[in-house]
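Visitor: Starting off with a structure, shown below.
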Amino acid sequence: MSRSAVLVDADWVEANLDTPGVVIVEVDEDTTAYDKGHIRGAIKLDWKKDLQDPVRRDFIDKAGFEALLSERGIANDDTVVLYGGNNNWFAAYAYWYFKLYGHEKVKLLDGGRKKWELESRELVTEVPQRPRTNYKAKDQDLSIRAFRDDVINAIGKLNLVDVRSPDEFVGKLLAPAHLPQEQAQRPGHVPTARNIPWSKAVNDDGTFKSDEELRKIYSDAGVDFSKDTIAYCRIGERSAHTWFVLHELLDLPNVKNYDGSWTEYGSLVGVPIELGEAR
Amino acid sequence: MSQGCGAPAQTVTLPVGVDLSSQAIIQGVVTGTGGTAYARLLDRTGEFAGEVVVSDEGVFRFFAAPGRWTVRIIAAGGVTRDVEVEAKLGEVTQVSIDL
């Protein structure tokens, strides 16, 4: 897939704010940012309240996704442009999630909310009202989602890409440094995983590096492009960002995001864990 | 459901329930941003470790591991400022940054 098919820049968004069939969606865990100001016409998705099952640790099911998108006024043939804070982590997660349920036309705003803000582009507080649709989702495309047994079976065989920060990888931290370090799981990483932090793929303003630069970063770090790949982080949003790079920008065919990630793997009884630098 | 990886609100006081004895906190106040600013934490190799939006009051906070870190402030107009910080277990290391 070409870069232009999956990524748009801020000028493109500004030029298409009123284009029929284009829906701008802000995705965040903390939606107060949207409430304080968002791109004109953008609707919001709450990563936790809208996209996660309220009881079990899993996604909302197909019927739930259909109900959500119908209620938000998104149609099957709409072009959905996602953006958000945290360097587009949650927007990338939503991108992967939309693909999981078979939405065809999805794009990410390169640089997300941060670049938009740093360029002092217009933000508004008016919340748009979109007419209800009758959205139909597909069954989950499990070719892009990994589960814990897939990860265990991949040890020593497939590319395992741990996209957390180096201190999380070696076991010094259990969460990104903007979160309190209090978690139940064991620190470390999946044996044979390479540590290629998600941030290697982006510039300071959150935009993605060129395809040539990205290919070099992952191949130099030990990713064998002839093998299947599983990416993971702590809860699966930073690794959705890396999944986007590998699967959508670099066109690698078999890349899965392990959304259970370290908060699941690090809590499993009996699985192998490595501490320290990659071996 | 696990807590997500989104940054919590950047408040002047520590969030309720945080046990300082197990944390190495870097906290700061930024002035002169002229609008939205981001605080990024880089480890000793220059690698990204975390990033938050600086609050309207100019506050940011990181829960680091003990050791040397760099706080990078990124503001509108291409303004960036790096400050070296030493984090210690059980302490809040305060920094003030005027752009």
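So the sequence lines, in the order shown, correspond to chains A and B. Just so you know, my numbering puts 30 at position 39 of the first sequence, and the rest follows in order with no gaps. Basically my numbering = 1-based index in the second sequence + 397. Beta carbons are placed, not taken as given, at the ideal position from N, Cα and C, and that holds for glycine. All of these numbers come straight from a predicted model, not from anything done at the bench.
1) Considering just the uninterrupted stretch of the beta strand (DSSP E) at D242 of chain A, what are its terminal residues?
2) For K219 of chain A, decide whether its Cβ has a neighbour in chain B, counting only Cβ atoms nearer than 8 Å.
3) Could you spell out where the beta strand (DSSP E) holding L100 of chain A opens and where it closes?
4) Hey, is G425 of chain B's beta-carbon within less than 8 Å of any beta-carbon in chain A?
5) I'd like to know if R229 of chain A contacts chain B, where contact means its C-beta is closer than 8 Å to some C-beta of that chain.
6) Grab the span of the alpha helix (DSSP H) containing S252 of chain A for me, first residue to last.
7) If the cut-off is 9 Å on Cβ atoms, which residues from the segment 151 to 167 of chain A count as contacting chain B, listed in chain order?
8) Quick check: what's the CA-CA separation for Y86 of chain A versus G487 of chain B?
9) Assuming A6 of chain A and F235 of chain A are in contact, meaning their beta carbons sit under 8 Å apart, how far apart are those beta carbons, in whole angstroms?
10) Quick check: the Cα distance between F457 of chain B and G432 of chain B, rounded to an integer number of angstroms?
11) Please look up how many angstroms separate the CB atoms of D101 of chain A and D0 of chain A, rounded, as I've assumed it's under 8 Å.
12) Please classify M398 of chain B: does DSSP put it in a helix, a strand, or coil?
13) Would you say R225 of chain A faces chain B, with C-beta separation under 8 Å as the test?
14) With which residues is H232 of chain A paired in a DSSP beta bridge?
15) What are the boundary residues of the alpha helix (DSSP H) that D153 of chain A is part of?
16) What separation, rounded to the nearest whole angstrom, lies between the Cα atoms of T254 of chain A and R225 of chain A?
17) Helix, strand or coil: how does DSSP classify V479 of chain B here?
18) Using C-beta distances below 6 Å, list every residue in its chain close to I423 of chain B, excluding the 5 sequence neighbours before and after it, in chain order.
Guide: Taking the coordinates as given:
1) For this step, residue 242 of chain A is matched to residue 251 along the first sequence. Careful: D242 of chain A lies outside any beta strand (DSSP E) and carries neither H nor E.
2) Taking the first residue of the first sequence as 1, we reach residue 219 of chain A at position 228. Note that residue 219 of chain A is Asp in the sequence shown here, rather than Lys. Not one beta carbon of chain B lies nearer than 8 Å to the beta carbon of D219 of chain A.
3) For the purposes of this step, residue 100 of chain A is taken as the residue at position 109 of the first sequence. Run containing L100 of chain A: V97 to L100, per the beta strand (DSSP E) assignment.
4) Looking up residue 425 of chain B in the second sequence gives position 28. Chain A contact via Cβ: absent.
5) Here residue 229 of chain A is taken as the residue at index 238 of the first sequence, counted from 1. So, interface residue.
6) Along the first sequence, read from residue 1 onward, the residue named residue 252 of chain A stands at position 261. According to the DSSP assignment, S252 of chain A belongs to the alpha helix (DSSP H) that extends over S252 to Y256.
7) S156, P157, D158, E159, K163, L164, A166 and P167
8) In the first sequence, counting from the first residue as 1, residue 86 of chain A sits at position 95. In the second sequence, counting from the first residue as 1, residue 487 of chain B sits at position 90. Rounded to whole angstroms, Y86 of chain A to G487 of chain B spans 39 Å at the Cα level.
9) Taking the first sequence and counting its residues from 1, the one referred to as residue 6 of chain A is at position 15. Taking the first sequence and counting its residues from 1, the one referred to as residue 235 of chain A is at position 244. Not really, about 23 Å apart at Cβ, beyond 8 Å.
10) Counted from its first residue, the second sequence places residue 457 of chain B at position 60. Counted from its first residue, the second sequence places residue 432 of chain B at position 35. Distance between the alpha carbons of F457 of chain B and G432 of chain B is about 15 Å.
11) Numbered from its first residue, the first sequence carries residue 101 of chain A at position 110. Numbered from its first residue, the first sequence carries residue 0 of chain A at position 9. Confirmed, about 5 Å.
12) As a working note, residue 398 of chain B is residue 1 in the second sequence. Confidence at M398 of chain B is low in this model, with a pLDDT of 41, below 50, so its placement is unreliable and the value that follows should be read with caution. Looking at M398 of chain B - three-state DSSP - the assignment turns out to be coil, as it is neither helix nor strand.
13) Counted from its first residue, the first sequence places residue 225 of chain A at position 234. So yes, R225 of chain A belongs to the interface.
14) Within the first sequence, numbered from 1, the residue matching residue 232 of chain A stands at position 241. H232 of chain A is not bridged to any residue.
15) Here residue 153 of chain A refers to the residue found at position 162 when the first sequence is read from its first residue. Note, D153 of chain A: premise wrong, no alpha helix (DSSP H); beta strand (DSSP E) at N150 to D153.
16) Position 263 of the first sequence, counted from the first residue, corresponds to residue 254 of chain A. Position 234 of the first sequence, counted from the first residue, corresponds to residue 225 of chain A. For T254 of chain A and R225 of chain A, the distance between alpha carbons rounds to 6 Å.
17) As a first step, residue 479 of chain B is located in the second sequence; it is residue number 82 there, counting from the start. The residue asked about is misnamed: residue 479 of chain B is Asp in this sequence, not Val. D479 of chain B falls in the strand class under three-state DSSP.
18) Position 26 of the second sequence holds residue 423 of chain B. Contacts found: F459, A461, V482, A484 and T490.
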